[in-house]
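Protein chains in written order, with this note's numbering: chain P, 1 to 242; chain C, 1 to 180.
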């Protein structure tokens, strides 16, 4: 959690994470064009949209990985996009967890090493870090795999290790970008069941980017990104008078 | 290849293929295996059995002594067993659904200059809402519930793919609709 304090007038709107009218280009490509989105604390939100719609860029902006060209990003009542690189990096390490399509685990390290890594980077002592890491193994059906190198795991096991690594530091927000994109149906279901259950147990807010409706169906709510803007369900229903 | 037919008579035939049963037992078994929160009304059970008996696919036997509205013990006939076997082993016609309500809505919306994309967005939301309900059933129900919910989820997913692709093609489709 950040230690920054801001005057009340500049505080956010009560969302855990929020984008306000953000724009982001890559060269001539306009990835985001006025995207706005608020995610209440504890919500599991699915961000859907076709390829190239801007949904992953939106996630990266919300997570402070990209800084928007224009607009604001708020995290737990604090402005995120104006923080220094160092401060945003620190936040990503302490307050955010990440799961990507390919787990991005360190193949030379063991399962326990990989899960403990965020804690070790946060200067938690080695014994506590490994105790916390190993406590995640049974929770994610990884019993007995702590000493295995991650290069030897199946895709589903690797994603569950990535999930444990993302949650071990007790993040406020879990960002997941196509977390089951490389898995078959049943392995993907197990990852999603465990992701949602674990995030709820930990009280984490989840921003889940996916093009897969079956994955989005695990969320509390979904929004659609199209042409760099967020279209939410309420808007769609109002438009057709539902 | 068979066309889609009402599944209740054939399911009852299948239950009778297992062993002769009373209507009450058939209803109980149907609800347990196939009802999934939508039990079969007794009236429909007995009406279906009466039709199957009329068509020579089951025999009703004589009423047995005891309480209850119907003490007949039904058994499947050779004709019924043959029909059930054919239904079970032959794939049904994969229906292309080219004239679905949604297709008609999209074409009419484009024809009338209405917001077809908004209709599709609303439909996507409705589908996702149902998918969330089915996913919750999978998360909390039995394996049988999960397998049945999967069937619904995959069908809804197929619809959603159609919605996404159609939405991407709306401009070209609008040109075609106006050119006809």
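All C-beta atoms in this analysis are idealised placements derived from N, C-alpha and C, irrespective of residue type, glycine included. Since the model is a prediction, treat every value here as computed from it, not as a measurement.
Query                                                                                                                 : Result
Neighbour flag for residue 135 of chain C against chain P, beta carbons, 7 Å                                          : yes
Residues that residue 231 of chain P bridges to, as DSSP identifies them                                              : P:224
Against chain C: residues of the stretch 18–50 of chain P by CB proximity under 9 Å                                   : 46, 48, 50
Cβ-Cβ separation, residue 71 of chain C to residue 22 of chain C (assumed contact under 8 Å), whole Å                 : 7 Å
Assigned secondary structure, residue 100 of chain P (DSSP; H/G/I helix, E/B strand, else coil)                       : coil
Spatial distance of residue 44 of chain C from residue 78 of chain C (CA atoms)                                       : 23 Å
Sequence-distant residues of its chain with Cβ nearer than 6 Å to residue 145 of chain P (five each side left out)    : 111
Three-state secondary structure (DSSP) of residue 19 of chain C                                                       : coil
Close Cβ partners of residue 164 of chain P (< 6 Å) along its chain, the five nearest in sequence each way excluded   : 115, 136, 140
Status (buried if at least 16 other CB within 10 Å, exposed otherwise) for residue 157 of chain P                     : buried
Proximal chain P residues relative to residue 131 of chain C, where beta-carbon distance stays under 8 Å              : 213, 214, 216, 217
Contact between the stretch 26–41 of chain C and the stretch 215–235 of chain P (3+ Cβ pairs under 8 Å)               : no
Residue 248 of chain P, enclosing alpha helix (DSSP H) - first and last residue                                       : With chain P covering only 1 through 242, there is no way to say anything about residue 248 of chain P.
Reference residue 313 of chain P; option with closest CA among P:154, P:72, P:187                                     : Residue numbering for chain P in the displayed model covers 1 to 242; residue 313 of chain P lies beyond these limits and cannot be assessed.
Given 8 Å, three or more beta-carbon pairs between the stretch 166–181 of chain P and the stretch 199–211 of chain P  : yes
Closer than 8 Å at the beta carbon, the chain P residues around residue 164 of chain C                                : 50
The stretch 146–156 of chain P contacting the stretch 43–56 of chain P, beta-carbon criterion three pairs below 8 Å   : no
is_contact[residue 141 of chain P, chain C] using C-beta, thresh 7 Å                                                  : no
CA-to-CA distance, residue 52 of chain P to residue 107 of chain C, given in whole angstroms                          : 26 Å
Chain P contact for residue 153 of chain C (CB, 7 Å cutoff)                                                           : yes
Cβ neighbours of residue 58 of chain P in the same chain (closer than 8 Å, five flanking residues each side left out) : 19, 22, 32, 35, 37, 47, 209, 225, 230
The stretch 6–25 of chain C / the stretch 157–165 of chain C touching (three or more Cβ pairs under 8 Å)              : no
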